[in-house]
Amino acid sequence: MKKFLFLILFISLLFSKEMLIKINNVSKEEIPFLLKEGFYIYEVGKNYIIGAIDEGKFLPIKNKYSYEILIEDMLDYHQRMAPGDNFGRFHSYQEIVDTFNIIAQNNPDLVRLDTIGYSVQNRLILAMKISQNAGSDEHRPRIVWDGTTHGNENIGAEVCLYLVRYLLSNYGVDPLVTHLINTREIWVIPIVNPDGMAARTRGNANGVDLNRDYGFAWWQETPAPFSQPEIRAIRNFFQRAPFVLYITYHSGTRAAMWPWSYTSAATYDSIFHSFLTQRYSYYTGYPAFQIARGLYEARGTSSDFGYGAEGALCLAIELCSPHVPDTTQIDTICRANLSANLEMLKRVGWGIRGRVYDSLTNEPIKAIIELQPPYSPVYSDTCGYFFRYCSEGTYSLRIFANGYQEKIIDNIYVPPDTYIFIDIPLVRDTLQPLFAYKNIFAIINDQPNYINYTFPSFVLGRENNKRLSLGVKGWVVYDMQIPIINGPGMDFMVIEDTIDPEGCSVYVSNNWNGPWYFCGVDTGTSYFDLSNAGVSYCRYIKIIDQGYGVNGPTGGYDLDAIEAVVSNVPALTIRQIVIYDSLGNNNGRIDPGETCFSVINLRNVGRQPANNIIGILKTNDQYVTILDSIASFGDIPPDSLRNNENDRFLIYASSQTPRSHIVNFQLYLYGSNYTDSLRFNLEIGELTVTDPIPDNRQPEPLYYAYDDIDTFYQQCEPFEWVEIRNVGTRLPITSDDQTIRIPLPFPIY
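Reading the sequence shown from the start, the letters are residues 8 to 756 in this note's numbering.
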């Protein structure tokens with residue numbers, strides 16, 4: 008009977024419709040309860056809250072509050088507002104992709120169109136650059152817009168498309184537009200969530216709210232921070248170069264908002280944020296407020312990521328209510344936001360700009376530039392240029408970079424409505440310890456009844472008596488920019504600024520998203536040795552509060568800085584492993600029964616050469632035999648690659664090796680001035696995904712098959728391919744007579 012009731016509940020939720028509800032006579036104190044019940048909030052007003060909820064989850068809210076049903080079925084409403092495959096007067100995903108391609112083809116000198124990633128269902132995520140000589144980097148202040156992070160909020164993509172068309176159609180005609188394109192680097196990402204747009208759903212194809220998936224101030228509303236391919240694409244896009252201003256479009260209410268969304272604490276740039284949103288409001292009539300104060304606290308949002316992790320001033324614009332406007336309002340909304348965007352384009356070039364470079368070599372430096380006040384950081388790009396928006400006034404700049412002496416420049420006067428340019432040479436200092444350069448993840452356990460007034464940017468640079476309080480079981484990841492090398496003794500120090508020391512666990516990696524290697528656990532300010540993690544160098548450090556303290560405004564480990572020892576020694580790492588299986592099926596992989604040659608590419612990330620390097624390859628795996636385990640790599644200068652192409656390893660995998668079997672290898676390295684060991688894994692009999700249907704038959708491949716074919720059975724009669732909806736659950740079957748338990752729940756296509 009219980010199983011039957013569960014099945015009824017599951018089916019009812021599966022087919023329940025989503026409604027737009029207005030709850031009356033309700034205060035902000037009720038928001039945590041509403042969110043817990045699955046109520047997605049669009050608008051918070053005086054004594055009312057408007058939001059969406061699945062009909063199957065509505066009963067607890069229905070029984071507790073007075074309410075009005077504004078839209079009975081949001082999907083049906085969306086289909087009426089944007090009918091058919093072409094979305095009526097709204098543009099469909101394919102129409103926007105096609106339009107952007109045509110625009111790029113017709114404006115080669117002004118436009119560059121990039122595919123910055125792919126959605127879950129393999130749709131394109133496009134980013135368009137608009138600038139004079141768009142194919143080259145002219146070192147101009149950068150601004151970026153994105154739209155339709157929530158797939159059922161089409162109007163964001165429309166505003167982006169309208170802006171692109173206006174700028175390009177008026178270039179060479181309107182002096183202001185021509186000037187802006189010639190002096191700014193403009194980026195537009197029209198659709199962050201193409202799968203959701205195609206399906207008319209808020210989430211992506213995995214059902215995930217993408218505006219809860221960013222790694223800054225993330226908190227358990229998605230499978231993991233940066234778990235979705237769409238958000239990883241946006242994150243990777245931001246690593247190309249720093250932006251001055253980031254504007255992200257949503258709909259469901261009318262507002263011009265600024266960070267933070269995860270806390271009601273003010274940003275250090277709240278004066279600039281407030282002023283920019285008020286200017287935006289001047290053209291649109293949107294109310295202007297901080298997200299967490301005017302709506303509710305939300306974690307893992309794009310605006311917090313753009314400002315907190317990347318240093319860009321951010322505006323989150325809610326374009327209209329309801330989330331899909333009547334089609335007669337599309338042009339009106341686009342025109343109002345165009346006027347606001349033209350002002351943002353003007354202002355993005357005002358303030359302080361300059362170039363940071365080595366005082367002796369003139370080489371550019373990727374540095375952190377802190378405007379004082381308001382004491383918030385921005386970054387210089389790979390060519391050393393930086394751009395910092397600010398209003399008229401007198402400021403100081405603090406400039407710090409790994410490997411250089413810190414510099415402070417005082418009494419910088421910024422005139423109104425323009426900018427000042429400053430050349431900033433830095434003096435090399437190789438004895439300074441390395442420090443944290445950028446925050447990658449910040450999972451801060453900030454309880455609703457406390458306000459944490461500490462921020463991840465406090466950890467950047469050397470020890471400064473400013474701390475980030477993680478909260479109980481909170482954790483962070485920092486990019487050290489320059490690899491920490493495993494030298495003699497301790498390699499880096501984690502500094503806690505508190506009179507009440509707390510414990511933390513420390514992990515290291517050479518990739519921003521792991522895998523992570525445990526380096527140690529300690530209390531208070533502590534030293535760590537990379538030897539404990541079994542790595543020769545690392546670039547990223549993950550710090551996790553041990554969870555023994557009590558939450559409060561400064562709960563959890565209080566991280567002041569991470570400082571690393573500068574070791575003038577060589578440090579080798581594996582860059583690439585190449586398999587030659589010409590004696591087998593010649594597919595570039597090791598399969599059961601094959602004898603293969605292996606070439607390993609080593610890179611020296613250290614500061615001294617590694618001389619006369621010999622490698623000895625070992626494994627304890629029962630299925631693998633190393634027939635030739637010794638290879639010569641010769642001398643490897645700093646920041647150079649060498650391999651054993653002329654002295655290859657020889658490896659044999661038994662024919663009894665199970666498919667997809669992972670083998671652990673250890674490469675021992677010896678030289679006249681170097682000794683180390685490196686670990687790596689290889690997969691024997693890797694199962695690869697192939698698409699039997701040509702991509703030109705479908706917008707994206709829909710059917711997948713595995714190339715693991717058992718040739719001992721008679722081939723069955725050929726069948727036509729039948730297309731299904733995605734890659735299903737992969738079952739760990741390793742033999743023909745194996746019985747397995749099917750994991751539940753699992754996707755059915």
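No residue lacks a Cβ here, since even glycine has one placed at the ideal position from N, Cα and C.
Since the structure is predicted, the reported quantities are computational estimates derived from the model, not experimental observations.
Linking Gly-468 to Ile-447 through their CA atoms gives a straight-line distance of about 15 Å. It is roughly 8 Å from the alpha-carbon of Gly-358 to the alpha-carbon of Pro-422. Under the DSSP assignment, Ser-684 falls in the beta strand (DSSP E) whose first and last residues are 682 to 691. Under the DSSP assignment, Thr-255 falls in the beta strand (DSSP E) whose first and last residues are 252 to 257. For Val-166, the three-state secondary structure derived from DSSP is helix. DSSP, read as helix, strand or coil, puts Asn-54 in coil.
Note on geometry: alpha-carbon atoms of Gly-541 and Gly-313 lie some 34 Å from one another.
Looking at the DSSP output, Glu-192 bridges to Arg-149. Annotation: Arg-247 is outside any beta strand (DSSP E) and is labelled neither H nor E by DSSP. Per DSSP, the unbroken beta strand (DSSP E) holding Thr-602 starts and ends at 602 to 611. If you compare the alpha carbons of Asp-588, Arg-362 and Lys-373 with that of Ile-427, the shortest gap goes to Arg-362. The region 169 to 186 makes no contact with the region 120 to 133; the number of CB pairs closer than 8 Å stays below 3. For Asn-70, the enclosing alpha helix (DSSP H) stretches over residues 66 to 71. The three-state reading of DSSP puts Pro-463 in helix, counting H, G and I together. Proximity to Leu-217 across Pro-182, His-157 and Gly-163 peaks at His-157, based on C-alpha coordinates.
Excluding five sequence positions before and after Phe-687, the CB atoms of its chain that fall closer than 6 Å to its own CB belong to Ile-581 and Phe-672, given in chain order. At a Cβ-Cβ threshold of 8 Å, Ile-550 and Val-513 count as neighbours. Secondary structure of Gln-583 (DSSP, three-state): strand. Taking C-beta atoms as the reference points, Asn-159 and His-330 count as a pair closer than 8 Å. Assigned with DSSP and collapsed to three states, Cys-390 falls in coil, not helix or strand. Note on geometry: alpha-carbon atoms of Glu-36 and Asn-54 lie some 11 Å from one another. Residue range 25 to 31 is occupied by the beta strand (DSSP E) that includes Lys-29. In the DSSP assignment, Val-631 falls outside any alpha helix (DSSP H) and within the unbroken beta strand (DSSP E) covering 631 to 635. In this structure Arg-87 is exposed. Its beta-carbon is surrounded by fewer than 16 other beta-carbon atoms within 10 angstroms. Under the rule that a run must span 3 or more residues, the beta strand (DSSP E) segments found entirely inside the region 348 to 378 read 358 to 365. Inter-residue distance for Asp-153 and Ser-679 is about 54 Å (C-alpha atoms, whole angstroms). Ile-506 and Phe-535 have their C-alpha atoms roughly 21 Å apart. The region 492 to 510 and the region 524 to 539 touch, with three or more beta-carbon pairs separated by less than 8 Å. Residue Asn-213 holds the alpha-carbon nearest to the alpha-carbon of Val-127 among Gly-292, Asn-213, Glu-601 and Val-251. Here the region 285 to 300 makes no contact with the region 223 to 233; the two share fewer than three CB pairs at distances below 8 Å. When Cβ pairs closer than 8 Å are counted between the two stretches, the region 553 to 571 is seen to touch the region 468 to 480, the count reaching three or more.
Sequence-distant Cβ neighbours of Tyr-100 in its own chain, meaning closer than 8 Å and more than five residues away, are Arg-130, Ile-198, Pro-201, Met-204 and Ala-205. Per DSSP, Lys-43 is one residue of the alpha helix (DSSP H) stretching across 38 to 43.
Rounded to the nearest whole angstrom, the CA to CA distance from Tyr-364 to Gly-58 is 51 Å.
In this structure, Tyr-544 and Asn-493 form a Cβ contact; the two beta carbons are roughly 6 Å apart against a cut-off of 8 Å. Between Ile-340 and Ile-162 the beta-carbon gap is near 6 Å, inside 8 Å, which marks them as a contact.
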